[in-house]
Each structure stands twice: as structure tokens, then as C-alpha cells.
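Participant: Structure below; questions to follow.
2 protein chains.
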Amino acid sequence: MRETMSPENKSVSLHDAVKLLLEADDIYLLCHQYPDGDTLGSAAALYLGLRQKGKRVSIRCGDPIPQKYDYMFEGIEFPDFEPQFICAVDIADPQLLGQRLSPYAQRVDLCIDHHGSNTKYARQYVIRPEAASTTEIMYDLLFTMEAEITSQIADCIYTGITTDTGCFRYTNATSRTYIVAAHMMDKGADAAMINRVMFDTKSRARLEIERRVLDTMSFYFGGKCAVAYVTREMVRQSGANDEDMDGIAALPRQVEGVEIGVTMREKEDGSFKISVRTGPKVNASKICAEFGGGGHPGAAGCVLTGGVTGAKHQILSAVQKVFEKQENS
Amino acid sequence: MRETMSPENKSVSLHDAVKLLLEADDIYLLCHQYPDGDTLGSAAALYLGLRQKGKRVSIRCGDPIPQKYDYMFEGIEFPDFEPQFICAVDIADPQLLGQRLSPYAQRVDLCIDHHGSNTKYARQYVIRPEAASTTEIMYDLLFTMEAEITSQIADCIYTGITTDTGCFRYTNATSRTYIVAAHMMDKGADAAMINRVMFDTKSRARLEIERRVLDTMSFYFGGKCAVAYVTREMVRQSGANDEDMDGIAALPRQVEGVEIGVTMREKEDGSFKISVRTGPKVNASKICAEFGGGGHPGAAGCVLTGGVTGAKHQILSAVQKVFEKQENS
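Residue numbers (UniProt numbering), protein chains in the order written: chain P, 1 to 329; chain B, 1 to 329.
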């Protein structure tokens, strides 16, 4: 979609972004597909702020909004109208709009986002990669807009922060992130409830699949590598859906002493999607690159064939090389 | 130990507490037994502050300090000397000193604590129940003392905050807690590392016992109640120690839809320690009171006999009454 980036597209200040929104009406706020706490929290917070200013607004998302976010959407309506102004929140690339919202891909007037990888597809954009979440930017925007931060808006902004920082566990949380969170607490955000719903609640199906995955976990190289797998049959038996599978890839790496955690998930065609998670000493991306995959230094992926045994054998060979290199250096 | 509370014991201001510390020397800092991130973080932070002021200080704890807290104790020594001043941190009752430190129980000059239940056993005390952690008070104390907040002190203070708020998940975290955390981030606290070590790392034994406990989990009353159990044999097979068992009681309640989560842990004498965790609609303490136990509205305990089957039967009868009452109200 790089062709959507035209020379007229430009970065604007928060002040100008607010001006654009306040001059507009009949506004669509677009969320990305597989919506998370940040895209939904940003959209809901902005919706509530714009409604305070008397605007007609509607939130649009290509996928259904998971029930666990209901508390952010109390009183929010989703009217259908022909939008005069389109604002995308937390969307790095128009492809992430998904099939249903793709007609709007070329028509985004304003994008508010914290992804450094944003393709600058919107006519005007505010991109702040130093923000831990898009709601952290939304906090500034609503402040600039002189919107009243209600407890519902506080919940929305806090939600984006906590979900995008993994409950303050990722390195993207800065002192400013905590300051914004503090302000949201003052405005009535129910952080305990939000974090409980986002991080401490497991569906029955999730419990079932986790139990099964833990049963497959094996340790290698003196406990420095752990490998677990998930077959389609295991997923079927547990009744797990895609949402239930979220974070499963992190489990092997969470065991004390494990430097390389591997999760192998069987795909439709019988091949395995390999997820590698590593500690600071090992580059996951390099391991996966050997098999045509890639990712970040701490989290990467690739695809392998040969069944559980064959796939595991291949990935363990690559892991062995890493540890041999470590010993020799 | 109520008899240790004498009429001369008194609450002092933070300023006076600092004065006492700065006028003293040869100071022992006492931690509670089964030490956690807050008692250790408070002691280490205060130790480092007092060392800056040229004091001879030593930290004393009745139990060994778990390895995962090593980053707080870099460069900290544990000299033996006859203390001239004894300060207890995060210790609500002298009984929590444990056997080894019990000789100091009657001799505590100053206590810094955030437990509202503190028995005021120390000659002078600063007790602030509104603080989420004792390190949150220690932040003010070190500020008053004009100590330099090094990155190591920042790690200590952050650690107490995050461990005592369950990584910001409990209701005790206030806006001020976030403000202090923000300041610690500015001072170089490695929050991502700390939260990973405290919350995302499981020992092999913990993994084993968790796997076994999950296998025992049964659901009742349309999924509104979940019961799991742990026998001594299961603990033995997994190699789990007390630390590994921490938080196991929370597992049943974490399943979506569960309002009453029950964990039954077999004791030495074959009876079962029952832990009940409930959602906002159910009072756990009332359920346990029926069997001579007690606790908080959300978390309570009691002891039952009759083996797994007998204990489970009794607790399920009490749970049934709760749900019947709910339906009738």
C-alpha cells in the first residue's frame, strides 16, 4: 500500500490535528482488525471527547469488538452515515484495516499512531514512536482539545497503556507513561478491574489448551531451551479460538533458566508455525532467519515441516549452534 | 505480642524518623520472615541511603534472601555488630521476625510500615496504611533524608511497589503510587527486568506443581465455582518449595466466569488448608467463617478434614448456600 503515500501527506502538530477534528463533522474513527485495547481505547476516548464537542462520530472496526472491552463502550453508539472526515487510530498500515474497512484505505484524513513503522498513508498524521501506546498520545490530544477527562475516558486511556505495555512489563513504558497512568487514576480509572480483566482472566478453553501445551513441554541443553507444541487436534479438543491462543508462545520462555523458548503450532496444512522467544543473550531473529523467517531480537518466527518430531529436530539443531557459539566466544 | 505495646510507644513524623536515623549509628534493619520484595526493597533502599550518610548498617532477615532479589543487593554487606539502633521495615507484628530475629522483638526503636494492622510494637513508628508499599514511604523518607536516589535505590523502591501491588493489579495502587514509579523510572529503575523476574518467571518446580494443580480443577454450579487441590504427594513429586506454591491459590478464580475459586492444600496432618478467592459479589470471609476461618472479603481461608472428597463436599455445601442466597435476593 506504499503507493498511497503521496507527496502531500504530512506530519502535523497535535494542535493542528485538534483543529482539523474540531472543524470537521460526521467523523469516522477507524480501528485496526483483530482490535486490541489500544486501538479500541483510542477510538472510544476520542469518540467521547468529540461527542462532548457536539460532533457526529462513529467508530468502525473490521472485526467484532471482544466483550471484555464492554466497559469502554457504555453509551457509545455506532451510527451509519457518510463520513466527511476519517481518522485512523493506532493503525500503522492501511492493510491492517482488514477487508471490511478497505474501502476507506485511500481516504484517511488523519492518523494518530505510535508505531514507528507507520507507512504515513494518511493525508495528515501525528506519529509518536516514543509513546508507549496511542492512548498516551490521545491523552495529550484530548487535553489540547480541552475535553473533560471523564472516568470512562480515563478507563480508555489506561486500557491502551496497560495492554500495550503488557501491564507495565515491556521496555516501552517510560516515566511519562506512569505519569499519564497516575493522572488517569486521579480521573477515576478502575485500573484494578481493567488489569484483572486484561491479564488475570482465562477462558475455560484457554485453561484447557494451556494445560495441554504445558504437558508437551520438554527441556534441552541443561534447561536452557524449552520446546512445547500445539497440534490442531489439541486446539479442537480444548475448544480454543485465536484469542485463547494469544500469549501461548510466551510460556516456554517463562520457565526459570530458559534462554530460548520455542512453541510449535500446527497449521492447517500440517506444517508448524515456530515461535522463538529469547533472553537478552540470544537473537531469536537470527535463529528463524536460518529457516526463512524473521522478527525481533527477542521474538521471531518461521515455518517448518516434518511433523512434531521433524520440526523439533530442525529447530533444536539451530538452537544447538547458538549455544555452541556462546561457549566458544 | 500485644504486651510489647507500651504507653511510651508513639507515632512520629517522617522528619523525626529521619532525625532518629541520622543521630544513630550501628543500625540494624530488620526484614520479616519469608521476605518479599517490599521488606527487602525497603531495607536495601534504606541501607544504601544510610551508607551515603556514613552510617554502619546491616540488614537482618530470619530467612535467606531469595536469589531473584540479587540485583537489589549488589555491593551490600551484612556485617555483624552489636546494634545501637534497630529499625524494622514492613513488619506489622514482631512475630513476623521469625525465630532467628526474635531476640530483637522487644528492642525495635523505629518501625516503618504500611500495614494498617501494625501492632505498634516499636518505640517509635511511621505507619501509613494509604501507601501501597513500604517502599512508597521509603521514597519520602530518603527524600527527607536528602539521600541521592541512585538507580539501585530506584530498583529497590520500584520492586516494593510492583510486588505489593501485584504489578499494579491490586486496588491499593493509587495515583501517587504511579507518580513514585514514574520518578523511579526517571532515576533509572529497570522496571521491565524487575517485572519479568517477579511476574513472568516460573521455576521448573512451579511449572510442575501448576500443571498438576490445573489437572485437578473441577467446575461446579454452571462454572461459577472452581475447585482445585494439592496433596503433599503432588508437592513432593514436583519438588516445589513454599516459594513455588505462592499464588497457587489464585488459579481457580482466574478462570472466566468463576465467582468462587477454591484451592485445598493438604497439610502435614492430612487435613486441608482451604483458600477461597471470590469476585466482588461474594464474601469469601463469610464462607470460611462457617468453618472457623476468616480473612478478607475477597480472600479467606479455613481448615477442613475428611480427605479430598470430604473437604470438597463441605466447602461445596457452603458455596451452594451462597449461590442459593444470591438467587433468592
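C-beta atoms are modelled at their ideal positions from N, C-alpha and C, and glycine is treated no differently.
Predicted, not measured: the structure shown is a model, and the values here were computed from it.
Compute the Euclidean distance between the alpha carbons of G188(P) and A154(P), then round it to the nearest angstrom.
Facilitator: A direct Cα-to-Cα measurement between G188(P) and A154(P) gives close to 6 Å.
Participant: Provide the residue span of the alpha helix (DSSP H) that contains T177(P), from first to last.
Facilitator: S175 to D186
Participant: Write down every uninterrupted run of the beta strand (DSSP E) in the UniProt domain "DHHA1" (223 to 324) of chain B whose length is 3 residues or greater and which is fully enclosed by it, in chain order.
Facilitator: Runs found: 225 to 230, 260 to 266, 272 to 278 and 299 to 304.
Participant: In whole angstroms, give me the CA-to-CA distance for A311(B) and Y34(P).
Facilitator: 44 Å
Participant: Give me, in chain order, the residues of the same chain whose beta-carbon lies closer than 7 Å to that of V197(P); leave out the 5 immediate sequence neighbours on both sides.
Facilitator: K68
Participant: For the beta strand (DSSP E) that contains Q152(B), what are its first and last residues?
Facilitator: In the DSSP assignment, Q152(B) falls outside any beta strand (DSSP E) and within the unbroken alpha helix (DSSP H) covering S151 to D164.
Participant: State the CB to CB distance for the pair S192(B) and R128(P), rounded to an integer number of angstroms; the pair is presumed to be in contact (CB under 8 Å).
Facilitator: Per the sequence shown, the amino acid found at residue 192(B) is Ala instead of Ser. Wrong, their Cβ atoms sit about 20 Å apart, outside the cutoff.
Participant: By DSSP, does S13(P) sit in helix, in strand, or in coil?
Facilitator: coil
Participant: List the endpoints of the continuous beta strand (DSSP E) containing Y104(P).
Facilitator: Unbroken run through Y104(P): none, as it is neither H nor E.
Participant: Mapping DSSP to helix, strand and coil, what is S329(B)?
Facilitator: coil
Participant: I'd like the list of long-range same chain contacts for E3(P), defined as Cβ closer than 6 Å, with 5 residues on each side in sequence excluded.
Facilitator: Low confidence applies to E3(P): its pLDDT is 48, below 50, so where it sits in the model is not reliable, and the reading given next is rough at best. Once the five neighbours on either side are set aside, E3(P) has no close Cβ partner at all.
Participant: Roughly how many whole angstroms lie between the Cα atoms of M1(P) and T231(P)?
Facilitator: Unreliable positioning characterises M1(P) in this predicted model, as indicated by a pLDDT of 44, which lies under 50. The coordinate reading is nonetheless provided below. Approximately 34 Å between the Cα atoms of the pair.
Participant: I want to verify the contact list: residues of chain P whose CB lies under 7 Å from the CB of A192(B), in sequence order.
Facilitator: Listed along chain P are R169, Y170 and T171, each with a C-beta nearer than 7 Å to that of A192(B).
Participant: With a threshold of 6 Å on Cβ separation, who are the neighbours of K325(P) within its own chain once the five nearest residues in sequence on each side are excluded?
Facilitator: none
Participant: Would A226(B) and M234(B) qualify as a contact pair, given that the criterion is a beta-carbon distance under 8 Å?
Facilitator: no
Participant: Considering only C-alpha positions, which residue in the set R204(B), D215(B) and E259(B) is nearest to N241(B)?
Facilitator: R204(B)
Participant: List in chain order: all unbroken alpha helix (DSSP H) runs of 4+ residues lying wholly within the region 19 to 85 of chain P.
Facilitator: As for any alpha helix (DSSP H) of minimum length 4 sitting wholly inside the region 19 to 85 of chain P, the runs are 37 to 52, ordered along the chain.
Participant: What is the rounded straight-line gap between the Cα of G298(P) and the Cα of S58(P)?
Facilitator: 38 Å
Participant: Taking CB distances under 8 Å as the criterion, tell me whether Q254(B) reaches chain P.
Facilitator: At least one CB atom of chain P sits nearer than 8 Å to the CB of Q254(B).
Participant: What is the rounded straight-line gap between the Cα of H114(P) and the Cα of C167(P)?
Facilitator: Straight across, the Cα-Cα distance linking H114(P) with C167(P) is about 17 Å.
Participant: For A182(P), decide whether its Cβ has a neighbour in chain B, counting only Cβ atoms nearer than 8 Å.
Facilitator: yes
Participant: Compare the C-beta of K202(P) with all C-beta atoms of chain B and state if any pair is closer than 8 Å.
Facilitator: yes
Participant: Is the beta carbon of G257(P) sitting closer than 8 Å to the one on K281(P)?
Facilitator: no
Participant: Relative to the C-alpha of I149(B), which candidate in H183(B), T159(B), Q237(B) and Y121(B) has its C-alpha closest?
Facilitator: H183(B)
Participant: Among all the DSSP beta bridges, which residues are the ones paired with A205(B)?
Facilitator: Paired residues: none, contrary to the question.
Participant: Taking the Cβ atom as the reference point for each residue, do H15(B) and T144(B) lie within a distance shorter than 8 Å?
Facilitator: Remark: C-beta atoms of H15(B) and T144(B) approach each other more closely than 8 Å.
Participant: Which residue marks the beginning of the beta strand (DSSP E) containing Y125(B), and which one marks its end?
Facilitator: Q124 to I127
Participant: For N241(B), decide whether its Cβ has a neighbour in chain P, counting only Cβ atoms nearer than 8 Å.
Facilitator: no
Participant: My understanding is that E138(B) touches S13(B), with C-beta atoms under 8 Å, so please give their C-beta distance in whole angstroms.
Facilitator: Note on identity: in this sequence residue 138(B) is Met, with Glu being the wrong assignment. Rounded, the Cβ-Cβ distance is 15 Å, inconsistent with contact.
Participant: Taking Cβ positions, are D244(B) and R212(B) nearer each other than 8 Å?
Facilitator: no
Participant: Using the beta-carbon of each residue, which ones in chain B are nearer than 7 Å to Y178(P)?
Facilitator: The answer, in chain order, is Y178, A181, A182 and M185.
Participant: Could you check what DSSP says for Y220(P) in three-state terms: helix, strand or coil?
Facilitator: Looking at Y220(P) - three-state DSSP - the assignment turns out to be strand.
Participant: To be precise: take each residue of the UniProt domain "DDH" (27 to 161) of chain B, compare its Cβ to all Cβ atoms of chain P, and keep it if any distance is under 7 Å. Which residues remain?
Facilitator: Per Cβ criterion, the list is empty.
Participant: Given the structure, does V282(P) come close to the ligand COA, in the sense that its CB is under 7 Å from one of the ligand's heavy atoms?
Facilitator: Among the ligands in the structure shown, none appear at all, so the ligand COA cannot be discussed.
Participant: List the whole-angstrom C-beta distance separating G279(B) from C288(B), where the pair is believed to meet the contact cut-off of C-beta under 8 Å.
Facilitator: Cβ atoms of G279(B) and C288(B) stay farther apart than 8 Å, at about 16 Å.
Participant: Could you tell me whether the Cβ of M1(P) comes closer than 8 Å to any Cβ of chain B?
Facilitator: Below a pLDDT of 50, predicted positions are generally treated as unreliable, and M1(P), at 44, falls in that range; the measurement from the model is reported next regardless. No, no contact with chain B.
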